[in-house]
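Chains as they are written, first to last, in my numbering: chain A, 122 to 387; chain B, 10 to 305. The C-beta atom is built at its ideal place from N, Cα and C for all residues, glycine as well. Read through the structure below, which is laid out as structure tokens, and then see the notes.
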Amino acid sequence: MGFFTDTSICIGCKACEVACKEWNQLEGNKPELLLDSFDNTGQLDAQNWRHVEFIEQIPDNNGVVMTPTPIAGGQAWLMMSDVCKHCQNASCLEVCPTNAIVRTEFDSVLIQQDVCNGCRDCIAACPYGVIGFNEKTGTAHKCTLCYDRLQNGMQPACAKACPTESIKFGYLDDLQAAADKRVAALQTAGYKKAQLYGRDAAVYGGLNAFFLLMDKPEVYKLPNAQNAVLPSRNNLAGYAGGFVTAVVGLVAGVLAFRQQRMNEKS
Amino acid sequence: MPPAEHFAAPPNWEWWILGYFFFGGLSGGSYAIGTLMRLVGAPSDARLSRAAFIVSFLALIPCPIFLVLDLGQPLRFLNMLVDASNGGLAFKPWSPMSVGAWALLFFGLFSFVSFLGALAEMGTVRALAPIARFFRGPLETVWNIVGTGLGFFICGYTGVLLAVSNQPVWSDGWPLGGMFLASALSGSAALLLLVARSRRDVESGSAMRLEAADRNFVIIEAILIAIFLATVALAGTINKVLGVWIVLWIVVILGLLAPFVLTRGDLARRMPVAGPAIALLGVLALRALVIFSAQT
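Right under this line is the structure:
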């Protein structure tokens, strides 16, 4: 099961952020004036498991007053309710040394709070900056896909609260079919940049929380398919580099100690 | 190659981790140098070799303490080794942090026994004499060789741990493991030189051999630093390690030059500890630079 977030109909109301905090009893961070559009939470972290991004794409018009044009004309104010992607190939789950991060019966990725020891390796690994460290609990936190609600036959709080149904929850097959239909309709209507992100295996084997975007993934601070790489890609090369250095270091040491010993003898 | 794009949040690994990377490197490197001196060095190197095993264990003592203190839940440190969900062993070969936790445990055993062996050989603790007798000969050689392998791992896996992430700089290439290993060897040689120069019973020949080894290690380290810079430049993230970090780079460069400049002539005689001390600072600065620059 998962989310399909259609950013084309997100109105930036933040009902998802509020519903998430209320259900999961998240205190929230101290309010700050971020001077970043209508954003006042900044990022996903231990207190923000849903975060509405506001991306202003107003072209530099050199002071000339412009007539508002539709998105396709190059002027846009993009909004996206970001969340943990519950990746099929999850970087956090891959590196977690304590097995605190597991895949649940709902195919979501969950951090077991009673097992996590707060090493923060998952934070270093998550390519989306989803996971945050909670100073009070001393553990890593992120969206649970409302695991407790799912166990009781309810949908996640954010999807329930979303007034425009930008956030849809359900079985992946159904969500993917709906997403395919929606992106085709937008393309036909002239929104050529409209695209699905994480719908197929190109990004981390597919995302259980995937998106319909109105621009390139990078605009929404999402790595494109080329940059969506797992931490383990550096395992072999990293160890091989260390091994070769160890061998060269040994040879260098042997040369120094033996050569000098020979000199001493002669 | 297009620049890598990173949207990962920093894990806020800071001073405890820097301390662990520094002391862990010195511990592993000192053990390896102790073994080298024991196996291929002159008989007169035995004193410095024993000192190396003692230094290795002393440098290792703060490592688990730093690691536990860095955890958000320090009392759950055993979860690194035991799976709290099912009571089995927690071991993930593809997670460097998991492998590192086990390597640290086993290296601790090897380092501790070699430490006791060195004390026994010195005859300072009579109760340890049976250990010295037990370890004499081939068993000691095998023990030292396996311990050296683990020591090398402790020196280098920390770099692999950083690389196996999605952080800028850290994950943009493979050289960090090798670079930390070479830097740990040069730092350990510098530390042992400090020990050698503070003791009258260490022969000057031993110190000279150690200086020669140190210079070799520094050359390897410098090559790997150049490769590291090339990889982050190719990935488009080199700006992260420049800017204010230039100050630390200067310390790193001084540390690389010290074994060549401050070990000969009048300068070395007047300030015998200056060269090794600056080299050690360089080793610390390199780790600080890599750890902190990527997270800002």
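Residue range of the alpha helix (DSSP H) that includes residue 317 of chain A = No alpha helix (DSSP H) contains residue 317 of chain A, which is instead part of the beta strand (DSSP E) from 316–318.
Sequence ranges, beta strand (DSSP E) only - wholly within the stretch 245–298 of chain B, length at least 3 | Taking only runs of at least 3 residues, no beta strand (DSSP E) segment lies wholly in the stretch 245–298 of chain B.
For residue 202 of chain A and chain B, any beta-carbon pair shorter than 9 Å?
-> It does not; no Cβ of chain B falls within 9 Å.
What runs of the alpha helix (DSSP H), each 4 residues or longer, lie entirely inside the stretch 237–321 of chain A?
-> Listed in chain order, the complete alpha helix (DSSP H) runs (minimum 4 residues) inside the stretch 237–321 of chain A are 242–246, 268–272, 278–282 and 293–309.
If I'm right that residue 161 of chain B touches residue 195 of chain B with Cβ under 8 Å, what's the distance once you round it to whole angstroms?
-> That pair is no contact at about 14 Å.
Report yes or no: is there a C-beta of chain A within less than 9 Å of the C-beta of residue 166 of chain B?
-> By this cut-off, residue 166 of chain B is an interface position.
Does the count of Cβ pairs from the stretch 117–127 of chain B and the stretch 143–152 of chain B closer than 8 Å reach three?
-> Using a C-beta cut-off of 8 Å, the stretch 117–127 of chain B makes contact with the stretch 143–152 of chain B, since at least three inter-stretch Cβ pairs fall below that distance.
If you drop the 5 nearest sequence neighbours on each side, which residues of the same chain put their C-beta closer than 6 Å to that of residue 186 of chain B?
-> 165, 168 and 169, listed in sequence order.
Can you name the residues that DSSP bridges to residue 178 of chain A?
-> Its beta-bridge partners are A:197.
If you pair each beta-carbon of the stretch 139–148 of chain A with each one of the stretch 292–303 of chain A, do three or more pairs fall below 8 Å?
-> Verdict: no, contact absent.
Neighbour flag for residue 295 of chain B against chain A, beta carbons, 9 Å | By this cut-off, residue 295 of chain B is not an interface position.
Which class does residue 92 of chain B belong to by DSSP, given the choice of helix, strand or coil?
-> Here residue 92 of chain B sits in coil by DSSP.
Just grab the DSSP bridge partners of residue 123 of chain A for me.
-> DSSP lists A:291 as partners of residue 123 of chain A.
C-alpha distance - residue 320 of chain A paired with residue 130 of chain A, whole-angstrom precision = C-alpha of residue 320 of chain A to C-alpha of residue 130 of chain A: approximately 18 Å in a straight line.
Which of helix, strand or coil does DSSP assign to residue 192 of chain A?
-> At residue 192 of chain A the pLDDT is 49, less than 50, meaning the model places this residue with poor confidence and gives no usable figure here.
Span of the beta strand (DSSP E) holding residue 222 of chain A?
-> Start and end: 222–224.
Cβ of residue 332 of chain A within 9 Å of Cβ of residue 125 of chain A?
-> Yes, the pair counts as a contact, with Cβ atoms nearer than the cut-off.
Report the residue from A:254, A:286 and A:356 whose alpha carbon sits nearest the alpha carbon of residue 102 of chain B.
-> Of the listed residues, the one whose Cα sits closest to residue 102 of chain B is A:356.
For the stretch 103–117 of chain B, enumerate the residues whose C-beta is nearer than 9 Å to any C-beta of chain A, in chain order.
-> Those residues of the stretch 103–117 of chain B that come within reach of chain A (Cβ to Cβ, closer than 9 Å) are 103, 104, 105, 106, 107, 108, 109 and 110.
Decide if the stretch 12–26 of chain B is in contact with the stretch 49–57 of chain B; the criterion is three or more beta carbon pairs, one per stretch, under 8 Å apart.
-> Contact between the stretch 12–26 of chain B and the stretch 49–57 of chain B is absent, because fewer than three Cβ pairs lie under 8 Å.
Report yes if the CB atom of residue 34 of chain B is closer than 9 Å to the CB atom of residue 193 of chain B, and no otherwise.
-> The answer is yes: Cβ separation under 9 Å.
Kindly confirm or deny that the stretch 288–303 of chain B and the stretch 256–270 of chain B touch, where touching means at least three C-beta pairs closer than 8 Å.
-> By the C-beta criterion, the stretch 288–303 of chain B is judged to be in contact with the stretch 256–270 of chain B, since at least 3 inter-stretch pairs fall below 8 Å.
Counting Cβ pairs, one atom from each stretch, are 3 or more of them under 8 Å apart for the stretch 128–142 of chain B and the stretch 324–344 of chain A?
-> No contact exists between the stretch 128–142 of chain B and the stretch 324–344 of chain A.
Residue 272 of chain A classed as buried or exposed, judged by whether at least 16 other C-beta atoms fall within 10 angstroms | Within a 10 Å sphere around the beta-carbon of residue 272 of chain A sit fewer than 16 other beta-carbons, which makes this residue exposed.
Under a CB-based cut-off of 9 Å, is residue 245 of chain A close to chain B?
-> Judged by the 9 Å Cβ criterion, residue 245 of chain A is in contact with chain B.
Any chain A beta carbon closer than 9 Å to residue 289 of chain B | Answer no: the Cβ-Cβ gap between residue 289 of chain B and chain A never drops below 9 Å.
Which term fits residue 251 of chain A, buried or exposed, when burial requires 16 or more other beta carbons within 10 angstroms of its beta carbon?
-> Residue 251 of chain A counts as buried, since no fewer than 16 other beta carbons sit within 10 angstroms of its beta carbon.
Between residue 207 of chain B and residue 248 of chain B, what straight-line distance do the alpha-carbon atoms span, to the nearest angstrom?
-> Straight-line Cα distance between these residues: approximately 41 Å.
Pick from B:211, B:229 and B:68: whose alpha carbon is nearest that of residue 307 of chain B?
-> Outside the shown range of chain B, which is 10 to 305, sits residue 307 of chain B, and nothing can be said about it.
Inter-residue Cα distance where the pair is residue 280 of chain A and residue 288 of chain A | Distance between the alpha carbons of residue 280 of chain A and residue 288 of chain A is about 5 Å.
Leaving out five residues on either side along the sequence, give the residues of the same chain with a beta carbon under 8 Å from the beta carbon of residue 122 of chain A.
-> For residue 122 of chain A, the CB contacts under 8 Å within the same chain, skipping 5 residues up- and downstream, are 227, 228, 229, 266, 271, 290, 291, 292, 293 and 329 in chain order.
Which of the residues in the stretch 41–71 of chain B, read from start to end, lie with their CB under 8 Å from any CB of chain A?
-> Closer than 8 Å at the C-beta level to chain A, one finds these residues of the stretch 41–71 of chain B: 41, 42, 45, 46, 49, 50, 51 and 54.
Are the beta-carbon atoms of residue 82 of chain B and residue 237 of chain A separated by less than 9 Å?
-> Yes, the Cβ-Cβ distance between residue 82 of chain B and residue 237 of chain A is below 9 Å.
Could one say the Cβ of residue 164 of chain A lies closer than 9 Å to chain B's Cβ atoms, at least one of them?
-> It does: the Cβ of residue 164 of chain A has a partner Cβ on chain B nearer than 9 Å.
Among the residues of its own chain, which have a CB less than 7 Å from the CB of residue 248 of chain A, if the five just before and after it don't count?
-> Its chain contains 212, 344 and 349 as the residues whose beta carbon lies nearer than 7 Å to that of residue 248 of chain A, once the 5 sequence neighbours on both sides are disregarded; these appear in chain order.
Beta-ladder partner(s) of residue 114 of chain A, from DSSP = In the structure displayed, chain A extends from 122 to 387; residue 114 of chain A sits before or after that span and is not available.
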